[in-house]
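Notes to accompany the following structure.
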Amino acid sequence: QQVEVVFFGLLNDLFPDVNPPRVFDVSLARCIVKAAEDAALWPDEQFTLKVAQLDELLSIRHCVFVMGPAGAGKTTCWKMLSYALGINESQRKVRVCYLNPKVLPTEDLYGHITLQTREWKDGLLSSIMRDLGQIEDDKPKWIVLDGDLDANWIESMNSVMDDNKMLTLSSNERIPLKANMRMLFEIRDLRFATPATVSRAGIIYMSSENGTVWYSIIASWVQAQPDNIYSAQSKAVMTDLFEKYVSPSLTYLRHYSQPVIAIEDMALVSGLLQMLEGIVTPEMAGDRFKLETAFVFCAMWAFGSALTLSDDGLDSRKVFSDWWKSHFKQVRLPTRDTIFDYWLDSNSNKFEPWRQSPSFQSIEFDSRTMKMDETTVPTTETASISHWMGLLVQKHRPTLLAGPSGTGKTQLVAGMLSGLNSAEFLSTKINLNYYSTASLLLSSLEAPLQKRTGSTFGPPGSVQLIYFVDDLNLPQAAEEITFTQNSCVILSAIGS
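Rendered as structure tokens:
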């Protein structure tokens, strides 16, 4: 926003009193709104403007960088544009080929000569580009590369991005990028891109600083809630609660706290929505006081669950708890301890200690039949984590436990998985290490799957499969400069 003010200030100095109106494609603008509504998304004005700007950029540039932080709506932007173009002209639907270049080594991306046989092995990107070019129709075709830029793979695209529009391979094959083909690069930043790369493409930036992204997520979520749980009045109440609690909490976290891992505002809000889906019942939704109490219970855990003891000895959870109690007083919370030491009893609608929750289960240890390292002694901390982890797993949501070694993360997950109904759930554990690569992880993910029909694979029978990926931080970074872990990249692609 600061750069935008400077830029338009310079334009006003160069062209004083000249402010031409923006030219809009009215037909496409209506199709963008319809595409967003059909996808159950909120057609925010800023978002629809970015989609229209992307279309304008693609009309004059054959390569475009869609840049922005995680959760800013980059993927949704080009998806809505491709859908809107198909609505606007039904005979010219966009064909999209999606690829993450960070999952594969560079030689597998463009192709290479095998040292043993001296034969040429085609790369994935080169084969996709060749196959699209051999399609004889003139319908628009996009190749979307979603991954951080680095010199290992982007430099080979320079000949494609300039006026030559030609991909030159090591085998001396030249694959043209035809007039109806476009390349979109979905990236986070340009830190590791050379000036030669940056100057060859158009750039559109998706910002998440003004809060329109998480506000749009909330608006679309409220609109999509089933009528058998939320009435029109309940949805209005829920909207008021979001406006009351979310913005002050995010502002506080951004300026006065430091979570154990960096979390975007969109991720915090998404976690709140997932918790509400598992907590709110039709009875709660019909009572404003019960609904606000359940909302507060989910909000304080969604925003404060990643807070911990900092390196300087500051207890961020306690500080956040004191701020919450002093700032939001409509829902009475116990004055003793922190807000994270209590659980909401849905029957009495009161906050009780975690020792009284169903997640706090007493155990009977028998050394003759049980192993000590497989037994978890229940505490208020383990009860709270087990409660939310089990709730998210039941709602088919990915869950991440972060913390130092020896804090019981693996034991908590193993205990939760062992308590699931074996007739409904199947779990498999994947241990990562320093030498784990994307190909090895993919093989481990595919191992418990069975072929069903065609290219569809799934767990055996009608059970639901849960992957437990342990030691997510251990795999080696593929590049010492960008610190990208290929295994983490493939997991993010699966979880998105």
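Counting from 574, one number per residue, gives the positions in the sequence shown under the numbering used here. Built from N, CA and C at the ideal position, the CB exists for glycine as well.
- Taking a cut-off of 8 Å for Cβ pairs, the region 656 to 670 and the region 713 to 723 touch, as three or more such pairs fall below it.
- Annotation for Leu1038: Leu999 and Pro1032 place their beta carbon closer than 6 Å to its own, counting only its chain and skipping 5 residues before and after.
- Runs of the beta strand (DSSP E) lying entirely within the region 678 to 710 and spanning at least 3 residues, in chain order: 684 to 686 and 693 to 695.
- By the neighbour-count criterion, in which 16 or more other beta carbons inside 10 Å mark a residue as buried, Glu1019 falls on the exposed side.
- By alpha-carbon distance to Ser889, the top candidate from Leu826, Glu865 and Glu850 is Leu826.
- When DSSP states are grouped into helix, strand and coil, Phe862 belongs to the helix group.
- For the pair Phe933 and Pro951, the CB atoms are nearer than the 8 Å cut-off.
- Leu1005 sits close to Val1042, with the two beta carbons spaced by under 8 Å.
- Looking only at Ala867, Thr1001 and Leu845, the smallest Cα-Cα distance to Pro855 is reached by Ala867.
- Taking 8 Å as the upper bound for CB-CB distance, Leu849 and Cys871 are in contact here, some 5 Å apart.
- When only Cα atoms are considered, Trp874 and Phe913 end up about 7 Å apart.
- Exposed is the label assigned to Asp885, since fewer than 16 other Cβ atoms lie within 10 Å of its Cβ.
- In this structure, Gly706 is the residue among Val795, Gly706 and Val676 with its C-alpha nearest to the C-alpha of Asn753.
- Burial check for Leu880: the Cβ neighbour count within 10 Å reaches 16 or more, so the residue is buried.
- Assigned with DSSP and collapsed to three states, Pro926 falls in strand.
- Note on Ile727: 16 or more other CB atoms within 10 angstroms of its CB, so buried under the neighbour-count rule.
- At a Cβ-Cβ threshold of 8 Å, Asn673 and Asp719 count as neighbours.
- By the criterion of a C-beta distance shorter than 7 Å, Phe938 is surrounded in its chain by Thr948, once the five residues flanking it on both sides are discounted.
- Here Val853 is not near Phe901, since their CB atoms are 8 Å or more apart.
- For Pro821, the uninterrupted alpha helix (DSSP H) segment begins and ends at Ala805 to Tyr829.
- In this structure, Ile836 is the residue among Asn920, Ile836, Asp762 and Ser1017 with its C-alpha nearest to the C-alpha of Leu973.
- In the structure shown, the three-state DSSP call for Lys652 is helix.
- In its own chain, leaving out the 5 sequence neighbours on each side, no residue places its CB closer than 6 Å to the CB of Asp813.
- For Ala625, the closest C-alpha among the options Ala975, Trp897, Arg603 and Tyr1008 is that of Arg603.
- Under the DSSP assignment, Arg668 falls in the beta strand (DSSP E) whose first and last residues are Arg668 to Leu672.
- Straight-line measurement puts the Cα of Asn994 at about 36 Å from the Cα of Asp611.
- Our two residues, Trp916 and Trp961, have alpha carbons roughly 11 Å apart in a direct line.
- A distance below 8 Å separates the beta carbons of Asp617 and Thr785.
- For Met848, there is no enclosing beta strand (DSSP E); the enclosing alpha helix (DSSP H) covers residues Asp838 to Ile852.
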